[in-house]
Amino acid sequence: MLPKSKWDGLVKTVAEVARISESSREQVDESFLKMLHHILLETHIEQGKMTCLNRNHVYSIKDGIPNMSLSEDEV
Numbered sequence: 024m025l026p027k028s029k030w031d032g033l034v035k036t037v038a039e040v041a042r043i044s045e046s047s048r049e050q051v052d053e054s055f056l057k058m059l060h061h062i063l064l065e066t067h068i069e070q071g072k073m074t075c076l077n078r079n080h081v082y083s084i085k086d087g088i089p090n091m092s093l094s095e096d097e098v
């Protein structure tokens with residue numbers, strides 16, 4: 024289970040991506056669960072970055088593959 028703060032953020036993200044209305048955000052129905060499934064399991068990042076929340080280290084993503092190599096001073 025997700026802590027409430029992370030659930031709220033996930034719901035907000037799904038709402039923004041799927042453009043659902045404010046009133047729909049409170050309802051967890053089948054269409055919302057389908058959108059949630061799509062965001063969590065079917066979304067692929069081709070280019071970008073991801074950040075480790077513990078160390079604030081930024082990893083680049085290129086062609087869908089994150090480069091998670093660390094330099095010697097980061098190990």
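For what it's worth, the working numbering labels the leading residue of the sequence shown as 24, then goes sequentially.
The C-beta atom is built at its ideal place from N, Cα and C for all residues, glycine as well.
How far does the alpha helix (DSSP H) with Met91 in it reach, from first residue to last? Counting along the chain, Met91 falls outside any alpha helix (DSSP H), and DSSP gives it neither H nor E.
Candidates Pro89, Leu64, His67: closest to Cys75 by CA position: Relative to Cys75, the option among Pro89, Leu64, His67 whose CA is nearest is Pro89.
Would you decide whether Val37 is buried or exposed? Buried here means 16 or more other CB atoms lie within 10 Å of its CB. buried
Nonlocal neighbours in the same chain, by C-beta distance under 6 Å from Gly71, ignoring five residues either side: So the qualifying residues of the chain are Ile84.
Considering only the alpha carbon of each residue, which of Glu65, Leu33, Ile68, Leu93 lies closest to Arg78? Leu93
Can you name, in chain order, every residue of its own chain whose Cβ lies under 6 Å from the Cβ of Ile68, other than the five neighbours on each side? Sequence-distant Cβ neighbours of Ile68 in its own chain, meaning closer than 6 Å and more than five residues away, are Ile84.
Starting from the C-beta of Val81, find all residues in its chain whose C-beta is less than 7 Å away, skip the five residues before and the five after it, and write them out in chain order. Only Lys72, Thr74 meet the Cβ criterion.
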